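Residue numbers (the numbering used here), protein chains in the order written: chain F, 1 to 319; chain E, 1001 to 1059. Where a beta carbon is used, it is the ideal one built from N, C-alpha and C, also for glycine. Since we're looking at a predicted model, the values are computed, not measured.
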Amino acid sequence: MVTVSMTTLSNSLPAGATPVSVVGGDVPDYFALLKPRVMVLVIFTALVGMVVSHGHVPPAVAVISLLMIAIGAGASGCLNMWWDADIDAIMTRTAKRPIPDGRIQPNEALAFGLVLSVGSVMVLGLAANWLSAGLLAFTIVFYAVIYSMWLKRATAQNIVIGGAAGALPPVIGQAVVTGSVGVESLVLFAIIFIWTPPHFWALALVKAGEYAKAGIPMMPNTAGPTSTRRQIIYYTLLLAPLGLLPVWLGFAGLLYAVVGVLGGLGMLAFSVQVYRNREGEAEKKAAMGMFGFSILYLFVLFSALLAEQSLGLFRPVFA
Amino acid sequence: MEYDPHGFPKIEMRPLTPEEEARRRKRSIAIALALGAMVLLFFVLTIAKLGPQILNRPL
Chain F
1 MVTVSMTTLS
11 NSLPAGATPV
21 SVVGGDVPDY
31 FALLKPRVMV
41 LVIFTALVGM
51 VVSHGHVPPA
61 VAVISLLMIA
71 IGAGASGCLN
81 MWWDADIDAI
91 MTRTAKRPIP
101 DGRIQPNEAL
111 AFGLVLSVGS
121 VMVLGLAANW
131 LSAGLLAFTI
141 VFYAVIYSMW
151 LKRATAQNIV
161 IGGAAGALPP
171 VIGQAVVTGS
181 VGVESLVLFA
191 IIFIWTPPHF
201 WALALVKAGE
211 YAKAGIPMMP
221 NTAGPTSTRR
231 QIIYYTLLLA
241 PLGLLPVWLG
251 FAGLLYAVVG
261 VLGGLGMLAF
271 SVQVYRNREG
281 EAEKKAAMGM
291 FGFSILYLFV
301 LFSALLAEQS
311 LGLFRPVFA
Chain E
1001 MEYDPHGFPK
1011 IEMRPLTPEE
1021 EARRRKRSIA
1031 IALALGAMVL
1041 LFFVLTIAKL
1051 GPQILNRPL
């Protein structure tokens, strides 16, 4: 091992020597920093926001815009991992992420996240319009700064307020194709926003010990599991009718209505199971069931909307 | 952190292992591909926004 100072770098380096700090990670490690599964969800919800808007943009512009929205979301995930590396190292669910595992240096992740953030916003502005670029910039700042740096470690309402970042992609999608924000994307925003707390709290009930170890004030750790279960039911009671609002407003049809009613009832049934089963394996099974079903609910609901609008399956419920 | 007599932080240096060199090569290829993709993206974007008429204009 050789140690040299900056002032002697140019004239006394051993042959082939490289600063240890720039050894760098593997390509898949950088990709992992972008939270690829979240990126897929963002692309999907932004696409639905585009499709329900009935605007017109060249297909290439739509594809490039979706790519930039996904990269912007990935960049915010990267900045989140950079900031949260200390608590990620404590929790088993996140300890193998590239930074806590030592595969990528924190400064590398910061630079990677910042470059992708600025780049995605600029390209989206040039490709689509500056409203969508501004909304993407807001989403990145909201997730990386407001949620990660402030809310996450400060309040049990962290994922309630922070959920706004995850709910914005349909709004950006509509801004891309119409240059404005309309009621359709705002309703989709509201659905994802209200869906987020029961979805995350179901997981937080199971992982309460891990969050406590890391010092994150999730709802089960601060208000207690019973209050969390009650709030999951409240939010689900709000979500089930809210999920049907697109039908009332006329931009979703019969297929969506059927999926929305069945899905909403399913969510309610799972939330009641979470409320009833409070001990042992049954508790874990109910909470993880709710967590898994909530993903399926949102995916199928948005898929129904996409299918109605793009495959000609739209049949109006109200004349 | 250690500092040299001039007050600059000392940087730890060593030759890369073959595995690290292979990783660096893969990163370099990935950066080259990303730059190529960006060139293609801006080309496609220009054509999509301005249309083929961009080639038929007074110079």
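_Those residues which DSSP pairs with E:Y1003 across a bridge_ = E:P1009
*Taking Cβ positions only, does F:G24 come closer than 7 Å to chain E?*
So, interface residue.
*Say whether the segment 30-47 of chain F touches the segment 57-77 of chain F, bearing in mind that this needs 3 or more beta-carbon pairs closer than 8 Å, one atom from each stretch.*
yes
*Going by C-alpha distance, which of F:G166, F:G134, F:A133 and F:G253 is nearest F:S148?*
F:G166
*Of the residues F:T139, F:A212 and F:A137, which one's Cα is nearest the Cα of F:T92?*
F:A212
*Considering only the beta carbon of each residue, do F:M288 and F:F270 sit closer than 7 Å?*
no
*With a 10 Å radius around its C-beta and 16 neighbouring C-beta atoms as the bar for buried, classify F:Q309 as buried or exposed.*
buried
_Please report the straight-line C-alpha distance between F:A127 and F:E210, rounded to a whole angstrom._
43 Å
*So F:I161 is in the alpha helix (DSSP H); what residue range does that whole segment cover?*
Per DSSP, F:I161 belongs to the alpha helix (DSSP H) from N158 to A167.
_Below-7 Å beta-carbon distance, F:V272 vs any chain E residue_ = no
*asked:* Quick check: what's the CA-CA separation for F:G260 versus F:G243?
replied: 6 Å
*Hey, would you say F:T226 sits closer than 7 Å to F:A156, going by beta carbons?*
Not in contact: F:T226 and F:A156 (Cβ atoms no closer than 7 Å).
*chain F contact residues for E:A1048, given Cβ-Cβ distances below 9 Å*: V57, P58, P59, A60, V61, I64 and A127
_When you compare the CB of E:E1020 with every CB in chain F, is at least one pair closer than 7 Å?_
yes
_Please return the same chain residues whose Cβ sits closer than 8 Å to the Cβ of F:I232, not counting the five positions on each side in sequence._
Cβ neighbours of F:I232 within its own chain (closer than 8 Å, five residues either side excluded): P197, P198, W201, A202, S271, V274, Y275 and M290.
*Quick one, are the C-beta atoms of F:P106 and F:A73 less than 7 Å apart?*
no
*Compare the C-beta of F:V27 against all C-beta atoms of chain E and say whether one is closer than 7 Å.*
yes
*At least one CB of chain F closer than 7 Å to the CB of E:P1052: is that the case?*
no
*asked:* Suppose the cutoff is 8 Å on Cβ atoms and the five residues either side in sequence are ignored; what does the same chain contact list for F:G266 look like?
replied: F293 and Y297
*Within 7 Å (strictly less), CB to CB, does E:R1027 reach chain F?*
yes
*Coarse secondary structure for F:L245, derived from DSSP in three states*: helix
*7 Å Cβ cut-off: residues of chain E touching F:A17*: M1013, R1014 and P1015
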